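Taking it in order: structure first as structure tokens, then the write-up.
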């Protein structure tokens, strides 16, 4: 299989798997089971992957990790917004 | 920064961020909030990333995604083991 197609399919699958968590948090407005330290570590790691993809000039890595950064930034914003309720 | 060091740091951060979920499930033996479809999609995507890393001969991608596959396979096993209790 072409490497780029493989990377894009892999990126779509790992990105899609993060959506249910975000949808759940937005619906239930409940973040007591989430760890903000974990979200921060994840955002740092994903951002480094974007940087790695830029250095290596690999579009599948840049796109899938940039998308994952956006999803997890949204999670972090939800965490800050809903934290008092929990 | 050297690309490989960058990739290894990125891989360690994104891998470490998955541990709290596994620890939580093993401690609480409760999986009712987990989606097995999400875990299966994630394992498929991560396995494709390992394959991508092998094709591109990039060790940071192979190692971090192989580790993530192991963590999520453990989650899936916990899911199957604790599912009846939930």
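Residue numbers (the working numbering), protein chains in the order written: chain R, 9 to 94; chain V, 9 to 94. The beta-carbon is built from N, C-alpha and C at its ideal position, and this holds for glycine as well. Note that this is a predicted model, so its numbers are computed, not measured.
Per DSSP, what kind of secondary structure is residue i in: helix, strand or coil?
{"i": "residue 25 of chain V", "result": "coil"}
{"i": "residue 43 of chain V", "result": "coil"}
{"i": "residue 64 of chain R", "result": "helix"}
{"i": "residue 35 of chain V", "result": "helix"}
{"i": "residue 10 of chain V", "result": "coil"}
{"i": "residue 90 of chain V", "result": "helix"}
Report the rounded CA-to-CA distance for residue i versus residue j, giving the unit in angstroms.
{"i": "residue 77 of chain R", "j": "residue 89 of chain V", "result": "32 Å"}
{"i": "residue 94 of chain R", "j": "residue 34 of chain V", "result": "Confidence in residue 94 of chain R is poor, its pLDDT being 48 and thus under 50, which makes the residue's placement unreliable; the coordinate value appears in the next sentence. Taking the straight line joining both Cα atoms gives about 23 Å."}
{"i": "residue 5 of chain R", "j": "residue 25 of chain V", "result": "Lying outside 9 to 94, the shown extent of chain R, residue 5 of chain R is not represented and no answer is given."}
{"i": "residue 42 of chain R", "j": "residue 87 of chain R", "result": "8 Å"}
{"i": "residue 56 of chain V", "j": "residue 38 of chain R", "result": "33 Å"}
{"i": "residue 12 of chain R", "j": "residue 67 of chain R", "result": "8 Å"}
{"i": "residue 30 of chain R", "j": "residue 82 of chain V", "result": "22 Å"}
{"i": "residue 58 of chain R", "j": "residue 27 of chain V", "result": "22 Å"}
{"i": "residue 49 of chain V", "j": "residue 22 of chain R", "result": "7 Å"}
{"i": "residue 20 of chain R", "j": "residue 92 of chain V", "result": "31 Å"}
{"i": "residue 17 of chain R", "j": "residue 60 of chain R", "result": "19 Å"}
{"i": "residue 73 of chain R", "j": "residue 32 of chain V", "result": "25 Å"}
{"i": "residue 80 of chain V", "j": "residue 70 of chain V", "result": "15 Å"}
{"i": "residue 14 of chain R", "j": "residue 62 of chain R", "result": "18 Å"}
{"i": "residue 36 of chain V", "j": "residue 85 of chain V", "result": "15 Å"}
{"i": "residue 46 of chain R", "j": "residue 54 of chain R", "result": "12 Å"}
{"i": "residue 65 of chain V", "j": "residue 44 of chain R", "result": "34 Å"}
{"i": "residue 52 of chain R", "j": "residue 51 of chain V", "result": "22 Å"}
{"i": "residue 75 of chain V", "j": "residue 75 of chain R", "result": "21 Å"}
{"i": "residue 10 of chain R", "j": "residue 10 of chain V", "result": "27 Å"}
Contact residues within the region 45–68 of chain R, judged by C-beta distance below 7 Å to chain V: 46, 49, 50, 52, 53, 54, 56, 57, 59, 60, 63 and 64
The region 12–27 of chain R: positions lying closer than 7 Å to chain V by Cβ: 14, 15, 17, 18, 21, 22, 24 and 25
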